[in-house]
Amino acid sequence: MIIFHNNNKKFKIDYLQIVIAIILIFNLFAVAPLNAQEEQRAQSLPMSMVKSRPSQPNKCIFGVYPVGLWDFDFARKTFKISFYAWWRTRDPSYNPGKSVEITNATEYYSKFGQSGQNKDEYYTYLHYYATIQKNWDFKFFPFDRQILEVRLEDFADINQIVFEPDYQKSHLHNELFLPGWELNDIKLKKSVTHYATNFGDISTEDGYYARLTFLIDIKRKGWQPLFNYFIGFFISFCLCAMIFFVEITNLNARANLSLGGIFTAVGNKYILDQVIPLTGSFSLADAVQTATFAVILLSVFSIIFINWKLTHKGEGKAWWYNNLFCTLLVLSYTLFVGIWIIRAIVS
195 MIIFHNNNKK
205 FKIDYLQIVI
215 AIILIFNLFA
225 VAPLNAQEEQ
235 RAQSLPMSMV
245 KSRPSQPNKC
255 IFGVYPVGLW
265 DFDFARKTFK
275 ISFYAWWRTR
285 DPSYNPGKSV
295 EITNATEYYS
305 KFGQSGQNKD
315 EYYTYLHYYA
325 TIQKNWDFKF
335 FPFDRQILEV
345 RLEDFADINQ
355 IVFEPDYQKS
365 HLHNELFLPG
375 WELNDIKLKK
385 SVTHYATNFG
395 DISTEDGYYA
405 RLTFLIDIKR
415 KGWQPLFNYF
425 IGFFISFCLC
435 AMIFFVEITN
445 LNARANLSLG
455 GIFTAVGNKY
465 ILDQVIPLTG
475 SFSLADAVQT
485 ATFAVILLSV
495 FSIIFINWKL
505 THKGEGKAWW
515 YNNLFCTLLV
525 LSYTLFVGIW
535 IIRAIVS
């Protein structure tokens, strides 16, 4: 302790009080930034991680409005889409921009949005751009029907948020145009997704999360692609059919026609393999290819067989077998391929 004298007055300074004051001031300035960091971290977390569980889940009306489809990548199994999404709820703290994700997207982002209030209801809408994973179905290519599916889920479980689709206001944009495809309709489906984990939250065993899925039904306009991608197979079939209209004694002409059919079919197969990837199921493309190569093999066999008949049984018997082979091959190919094409059209 130090004592000062001023105008006959004494002042006492206690060192202990000075040290305590310095410590208090230091704590004040050191703790304040930490509190600010904790508050900022809490704001950056999804609402489900910082909010206590409500007594009843928040019911949210959820709608979508697709405005663009492009970049169908059959090799990488993706497509790109842009759409608006909106949420209506009575919870003023619900922030779907931070808590809703597109679960089947390889990448996505939202460009802009807006929030507001109508009476006791709060709404938010966002414009999403996403690259979506898609297992393309080529069974009936080029008359294939594709269902484009986009799945949106909330980070919060169903104890905190549930979705109700906005069927009335969810439509395809009237200016949405997809060259070579027919846009049929859009469907919304709500569901609950189960994850066999608690994602670190020991207060629960499994996770159940609200999901909204919208599905866009499109069908390819297939007549032009049918002739563009399969014309080689059809020409190969015609060349093989022409064999039976050539004199049975003209062996060279018949052999040249069959050889032309082989090269035409092989070339068309090479082109078609660049357009559609291999599929696990028997498709229209497989049916046309199988039927065409079968006709080629049978036509080559018929040349050999008819020539043998010509040598051993005479020209009359050879022409009878020639007409029989022609009828069987043409009818079988036409019926088989025709049935597959009809199935594809009505699919």
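In my numbering, the protein residues as written are 195 to 541.
Yeah, the Cβ is synthetic: ideal placement off N, Cα and C, and Gly gets one too.
Spatial distance of ALA538 from ARG405 (CA atoms): 32 angstroms
ALA226 burial status per 10 Å Cβ neighbour count (16 or more: buried): Only weak support is given to the placement of ALA226: the predicted model assigns it a pLDDT of 49, under 50, and the value that follows is read from those uncertain coordinates. Under this definition ALA226 is an exposed residue.
Length at least 4, wholly inside the segment 384-440: the alpha helix (DSSP H) runs in chain order: 417-436
ILE490 vs ALA459 beta-carbon contact at 8 angstroms: yes
Beta-carbon separation (whole angstroms), GLN543 vs TYR316, contact threshold 8 angstroms: Absent from the structure is residue 543, since the part of the chain shown begins at 195 and ends at 541.
Residue of ALA481, PRO471, ASN298 and SER526 minimising C-alpha distance to ASP267: PRO471
Cβ contact check for the segment 387-399 and the segment 325-344: 3 or more pairs under 8 angstroms: no
Buried versus exposed call for CYS254 [16 or more other C-beta atoms within 10 Å across all chains shown]: buried
Counterpart residues of ARG345 in DSSP-defined beta bridges: The bridge partners DSSP lists for ARG345 are THR407.
Cβ contact (3+ pairs, closer than 8 angstroms) linking the segment 526-541 and the segment 330-338: yes
Spatial distance of MET241 from ARG284 (CA atoms): Low per-residue confidence applies at MET241: pLDDT is 42, beneath 50, and the placement is therefore not dependable enough to give any value.
Residue span of the alpha helix (DSSP H) that contains PRO290, given as start and end: 290-293
Whole-angstrom distance between GLN362 and SER238, CA atom to CA atom: Any reading at SER238 needs caution, since the residue's pLDDT is 45, under 50, leaving its predicted position unreliable; the model's value is listed next. If I take the Cα positions, the gap works out to 33 angstroms.
CA-to-CA distance, LYS384 to PHE357, given in whole angstroms: One C-alpha to the other measures close to 7 angstroms.
Beta carbon of PHE519 nearer than 8 angstroms to that of VAL482: no
Short Cβ contact (8 angstroms threshold) for LEU409 with LEU366: no
In DSSP terms, what GLY310 is bridged to: Answer by DSSP bridge pairing, in chain order: TYR317.
Length of the line joining the Cα atoms of THR486 and SER496: 15 angstroms
Three-pair Cβ contact test at 8 angstroms for the segment 436-452 versus the segment 492-510: yes
Top-ranked residue by Cα proximity to PHE306, from SER475, ASN312 and TYR278: TYR278
SER276 versus PHE371, GLN354 and ASN501, residue with shortest Cα-Cα distance: Its Cα nearest to that of SER276, the residue PHE371 stands out among PHE371, GLN354 and ASN501.
Helix, strand or coil at SER304 according to DSSP, with G and I counted as helix: strand
Cross-strand partners of LYS274 (DSSP beta bridge): TRP264 and THR325
Cα-Cα separation between CYS432 and ILE296, rounded to whole angstroms: 50 angstroms
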